[in-house]
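Trainee: Chains as they are written, first to last, in my numbering: chain X, 1 to 499; chain S, 1001 to 1105; chain A, 2001 to 2641.
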Amino acid sequence: MDFLSLFVIVPFLTVVGIVFCKDFKQVRLTAAIGMTIQLGLAVALIFMYLAERKAGNMAEMLFMADYVWFPSLNIRYAIGVDGISVAMIGLTAVVVITGILASWEVQHLSREFFISLILLATGVFGFFITIDLFSMFLFYELAVIPMYLLIGLWGTGPKEYSAMKLTLMLMGGSALLLVGIFGLYFNSNPDGGQLTFHILEISKVHIDPMAQRFFFPFTFVGFGVLGAMFPLHTWSPDGHSSAPTAVSMLHAGVLMKLGGYGCFRVAIFLMPDAAHELGWIFLILTTISVVYGAFGAIQQKDLKYINAYSSVSHCGLVLFAILMMNKTSMNGAILQMISHGLMTALFFALIGMIYGRTHTRLINEMGGLMKIIPFLGVVYVIAGLASLGLPGLSGFVAEMTIFIGSFQHTDTFHRVCTIVATSSIVITAVYILRVVGILLMGPIKNKEFENLGDAKWFERLSLGTLVVVIASIGLAPLWLSNMINDSLVPIIEKLTMNL
Amino acid sequence: MNTGIPLEYFLILASVMFFVGIYGFLTRRNLITILMSVELVLNSVNINFLAFNKYLFPDQFQGQFFGLIIIAVAAAEAAVAIAIIINIYRHFTTINVEDVDQMKF
Amino acid sequence: MMDLSISIWIPLIPLFMFLLIGLFGHRFKPLVSGVMGTIGLGVVAILSYTIAYQYFFVQGKVDGVYHKIIAFNTVWLNLTDKLHIDLGVLLDPIAAMMLVVVSTVSFMVHLYSIGYMHGEKGFHRFFAFLSLFSFSMLGLVLATNIFQMYIFWELVGVSSFLLIGFYYTKPSAVAASKKAFIVTRFADLGFLIGILILSFITGTFDFITLTDTSGEAIRQGATIGFLGMSVMTWAMLLIFMGGAGKSAMFPLHIWLPDAMEGPTPVSALIHAATMVVAGVYLVARMFPVFHTSAPHALEIIAWIGGFTSLFAAVIACTQLDIKRVLAFSTLSQIGYMMLALGVSGYGGEEGLGFMASNFHLFTHAMFKALLFLGAGAVIHAVHSNVMNEMGGLRKYLPITHITFLIACLTIAGVPPFSGFWSKDEILVAAFHFNKILFAVEYAVAGLTAFYMFRLYFTVFWGKDDRHYHHTPHESPLTMTIPLMLLAVASIFAGFIPFTELVTSDGAAFEPHIDYMIAVPSVLIGIVGIIVAMVMYRKENGMPEKMANNLKYLYKWSFNKFYIDEVYMFITKKIIFNYISRPVAWFDRHIIDGTMNGIAGVTNLVSFEIRGFQSGQLQKYAFVFVTSALALVLAFIYLWTN
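This is the structure we're talking about:
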């Protein structure tokens, strides 16, 4: 039994456990226990990983295992992690458990709800541990499909429309992605012989540049859809605004990170020549994403729309940094994924909790909430400050690493793009402060809200966990940054090898 | 072993029967007539089987076996088809094929 | 020899206090939070004095020159092979001086706030934020590298935001806090881009490497041109933009007057004495770089400083809100400091402007904090900010009155108060640089005396028989003690030998007073005071007459030259209406429309082709048969050919 497979087995067992539960209290307890174990595993993994590295194990991937499950096409269940996937697994575990806590009081079809939620989580965990393209794709699909049910059944507003839109656009992305993956597969052995889906094996091969040029856009756009790249981001505002709290958290928090991670691990890493050659096109698109998302957020009236556009901007920064293709900016991209995942989960959790009390998400209908629900108000301000990049919280670390890394690029065009992207920090401040000003401060606008109760214990636990993680990354980022940096070394070597 | 009637005659007969059947199948509106047309098509095939068996491979029996199987299948099919037609009639009070078009988009 | 690394506790104690009061403050009695914060800051002040003493008189001087000492350093984040962000403590003359300024004023303000904020809701929150601010400001002062400075730069911005918006249920306070944050954030964007360019050129963030005048880093990039100026000039100008935002230089000054919405102790601490001079400190910190590789930038700084000082002084003459007068006066004085830096040379007596700027920063911090705290005492007594509603308060508030008078005399540049000495040095430096700037500063000196005494006479003299709702009474001891201590500092700070302690290159030089410049400046100041006395000592019609005679100037000055309106136009009209709204529309209709359009077309096509599925059995059969026939014919055709 290898350790990493536990990340898929534990959620699976949790699902099985939930099936046998009697009422919703048992269901949520089972879900919480399962995911707490998962969090424990993730923490253990981080320590084990660090210990292994400290002991001098400098292999590209650790804790590897490899099972063939479809021999004739050489499809394998191959797993392994490096510092980047470890970090992402940690992020996912935190977001999932806080998401479970945030949906503590979902009573409508709670069994099905938690099953879908955990299936989604299974997909995400599986995606991060596998290093076989086909299994990766499989887990990716596993993560995307429950989304449809979760939004369509437990959502609010025009939920069928949003669910359909989201699913169709993501499926469109997967279709492109599949082409890219097959392209890699059929070019994975130019000398003839056994073809492979295994990432590490493909990375050793120098894929024909013509093929790279052809398949790179497919792969990048395929993952880019999930990473909300302009102009393929429109599923995000609608999807998020209709999704129930925990789903928004998971989706913006970790599912969108699959896009960034995939672009990095598959598109750029396996097709470096094409990335160098065609990167500028996507660089322009992501730069637009960054600024455009921020501008889009200024005028929105719905809390979730604001956050969705803000996610477009922040995730745009992830792809932007990945395309800069140097160690610092890529490190920043990974940090930004983690930081944004935590921040946005915090935001969506808060919005869900506020919505649960006021039954509206329109900021104009609320006002002065700080006085009524101080705990949620303070956490909202903290989340806002993290989002606009206050030092001491995780957003700052990520953004600064990205900006400095990107600006070290030798090409003037890339540096100009960086300057354009930095302007987003001002625009972010504008929309965050606008919301904080209208929503939390000022006199109490609606008398009906005066008797709202502040956060309950599970809400406090959920928000508190996220805040603590955000702050601790923001205060002491060195270990995380170093862990990612070490894993980036072989990747950067590969990227610069053929230049 | 020449019986005097050339093979072509059988084939022409079968072809005529086949196309009469197809024509009936495409143009008749009554389900019973359509069923009968289908029988014509089946029987035209039967004739072909037997004729080829007799003229080309007289020492073998596959053609005759197939003929028998087709007769059996046709009988079963007719039973099923008529049952369906009766049900359609009960449901729609018509056996006009143009009125039975519920199975669409 | 004392181990200087204990200086790391100077910022850490307030941080600890912030966490303690912020997380658990609501469980204590309010007073406990206040006392805890104050004691914490007291310890910090003592530590700071010790460190400053150790630096100036024991350890800092090597061969007659002050050196930069890294007292503590740790890597916080590794970026590239060359670049890494460190957090640490850098001691040099300006840092040590700023330590004294920040910890003194902060301690005074803490003490004062116990009385001033007494009974306010959110008492503990106030002290938590004050501690957060002190932490950030001290961290900024002690920064070893430009990125650490940027980190704390942002943190002071946020503390300022939180404190301005302390009365968060008041819409004007919320708006002011938002404005302050966004304007300074915009300036910080310039700072950040400046840092990016600077670090790209020089490959380091470290102050010691950057400012080493004999080193390599400083000479990099001075030759690469871009739009008529060297890249280095651009970088330094952008960095100055950050400084201009925090120090509220024209045209980024608009946030400071509004920031007066915050509680008065906050205005004294952040918006008068410490945070707003961070820009001056930044330029002083980077001074060798400015001087060596970006002299044009320095010239621009001088002009901006000079202009701001005049501009703000004119506005201050007409404002009615007591705190706004002080705010514009702060702008004007910071303009002086910037000007002094801009006109300064490097090394020995050439660096007179540098010394004068820091000297003025020091004295200004003392007397301006005193003015604000005095104004706070007045507001506390009268429950109003508006000058017209005050008058004759000298009878009710004797201590406040005397200390306020001392502060006014100091800022007006009357010898032997400290303001005279520092302002005089600035005038001398300006005289040697450019006669126009020098003349402007003379005018500003007169205006300063005028508007300060206008304030003084209106509040403490003027209508003697004014009736108040309830008789104003002198503030409690926690408020008057800081006033008295700061008054003492204001009187005697001028005798500190700055030419020996804080100079551009660390080496001492001889000060000398140029009577040709000093005497007229004092005379101008006294003229300003007399004019103010004539106009405002007793209530008479003169101010109105004056206002009518200078109608347009008065109107423009009263409306702050409509700069706010221009900004409102740019942000509300242009950014909101012409950028953000179209972007939102574009997203909704064009991008989303395209996606929905694709879905719609798919839908339409499927609607059209569903006619094949008619349910007509015979149609299916017909299609089948004809297709089969066609295929057969096609195959036959192919085979036969």
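Beta carbons: idealized from backbone N, C-alpha and C, even for Gly.
If you measure between the beta carbons of residue 132/X and residue 78/X, is that distance less than 8 Å?
Mentor: yes
Trainee: By DSSP's criteria, residue 2074/A is part of a beta bridge. Which residues make up the other side?
Mentor: For residue 2074/A, the beta-bridge partners assigned by DSSP are 2087/A.
Trainee: Kindly list, in the order they appear in chain A, the residues whose Cβ is closer than 7 Å to that of residue 1025/S.
Mentor: 2621
Trainee: Does DSSP put residue 2206/A in a helix, a strand or coil?
Mentor: strand
Trainee: Buried or exposed for residue 2516/A, please, with buried defined as at least 16 other CB atoms from any protein chain shown within 10 angstroms of its CB.
Mentor: So residue 2516/A ends up on the exposed side.
Trainee: Ignoring anything shorter than 4 residues or poking outside the region 155-192 of chain X, list the alpha helix (DSSP H) runs there in chain order.
Mentor: 159-186
Trainee: Pick helix, strand or coil for residue 205/X, following the three-state DSSP scheme.
Mentor: coil
Trainee: Report the neighbours of residue 1036/S on chain A: residues whose CB is nearer than 8 Å to its CB, in chain order.
Mentor: Result: empty, since nearest Cβ-Cβ is about 15 Å, beyond 8 Å.
Trainee: Based on the DSSP secondary-structure assignment, which residues constitute the bridge partners of residue 2509/A?
Mentor: Answer is none; residue 2509/A lacks a bridge partner.
Trainee: Please report the straight-line C-alpha distance between residue 2010/A and residue 2487/A, rounded to a whole angstrom.
Mentor: Approximately 25 Å between the Cα atoms of the pair.
Trainee: Note down, one range per segment and in chain order, each alpha helix (DSSP H) of at least 4 residues found wholly within the region 401-443 of chain X.
Mentor: 412-422, 424-435
Trainee: Compare the C-beta of residue 485/X against all C-beta atoms of chain A and say whether one is closer than 8 Å.
Mentor: yes
Trainee: Can you name the residues of chain S whose CB is closer than 9 Å to the CB of residue 2625/A?
Mentor: 1022, 1025, 1026
Trainee: Mind pulling the alpha helix (DSSP H) runs of 4 or more residues that sit fully within the region 2548-2617 of chain A?
Mentor: 2551-2558, 2563-2568, 2581-2585, 2592-2609
Trainee: Alpha carbon to alpha carbon, how far is residue 123/X from residue 398/X?
Mentor: About 26 Å.
Trainee: Using a Cβ cut-off of 7 Å, pull out every chain X residue sitting near residue 2165/A, in sequence order please.
Mentor: For the C-beta of residue 2165/A, the chain X residues within less than 7 Å are, from N- to C-terminus, 441.
Trainee: Against residue 1098/S, what residues of chain A qualify as contacts under a CB-to-CB distance less than 7 Å, listed in chain order?
Mentor: 2616
Trainee: Would you verify that the beta carbon of residue 54/X is, or is not, closer than 8 Å to some beta carbon of chain A?
Mentor: no
Trainee: What number of angstroms, rounded off, separates the C-alpha of residue 407/X from the C-alpha of residue 2159/A?
Mentor: Distance between the alpha carbons of residue 407/X and residue 2159/A: 29 Å.
Trainee: In chain order, which alpha helix (DSSP H) runs of at least 4 residues are fully inside the region 2280-2363 of chain A?
Mentor: Entirely contained in the region 2280-2363 of chain A, the alpha helix (DSSP H) runs reaching 4 residues are, in chain order, 2287-2293, 2295-2316, 2322-2343.
Trainee: Kindly give me the distance between the Cβ atoms of residue 2342/A and residue 2282/A, rounded to whole angstroms, as I take these residues to be in contact under 8 Å.
Mentor: Incorrect: roughly 13 Å between the Cβ atoms, too far for contact.
Trainee: For residue 230/X, which three-state DSSP category applies?
Mentor: coil
Trainee: Within the continuous alpha helix (DSSP H) that includes residue 2017/A, where are the two ends?
Mentor: Looking at the DSSP string, the run of the alpha helix (DSSP H) that includes residue 2017/A is 2009-2024.
Trainee: Mind pulling the chain X residues with CB within less than 7 Å of residue 2178/A?
Mentor: 433, 437
Trainee: Identify whether residue 2414/A lies in helix, strand or coil by the three-state DSSP scheme.
Mentor: coil
Trainee: For the region 416-433 of chain X, enumerate the residues whose C-beta is nearer than 8 Å to any C-beta of chain A, in chain order.
Mentor: 418, 419, 422, 423, 425, 426, 429, 430, 433
Trainee: In terms of residues, what are the limits of the alpha helix (DSSP H) holding residue 249/X?
Mentor: 245-250
Trainee: Going by Cα to Cα distance, which pick from 2602/A, 2413/A, 2157/A is closest to residue 2184/A?
Mentor: 2157/A
Trainee: Keeping to the same chain, check which residues put their C-beta closer than 7 Å to that of residue 1042/S; ignore five residues upstream and five downstream.
Mentor: 1070, 1074
Trainee: Under 8 Å, CB to CB, which of the residues in the region 2007-2030 of chain A have a partner in chain X?
Mentor: none
Trainee: Identify each residue in the region 2280-2296 of chain A for which the Cβ-Cβ distance to at least one residue of chain X is less than 8 Å, and report them in chain order.
Mentor: none
Trainee: Using the beta-carbon of each residue, which ones in chain A are nearer than 7 Å to residue 1101/S?
Mentor: 2614, 2615, 2616
Trainee: Look at the alpha carbon of residue 159/X and the alpha carbon of residue 369/X, and state the distance between them as a whole number of angstroms.
Mentor: 27 Å
Trainee: CB-CB under 7 Å to residue 2408/A, same chain, minus the five flanking residues each way: which ones, in chain order?
Mentor: Once the five neighbours on either side are set aside, the close Cβ partners of residue 2408/A are 2452, 2453, 2456.
Trainee: Rounded C-beta distance between residue 2268/A and residue 2369/A? I'm assuming under 8 Å.
Mentor: 5 Å
Trainee: Buried or exposed: which applies to residue 2546/A, given that a residue is buried once 16 or more other Cβ atoms fall within 10 Å of its Cβ?
Mentor: Exposed, by the Cβ-count rule.
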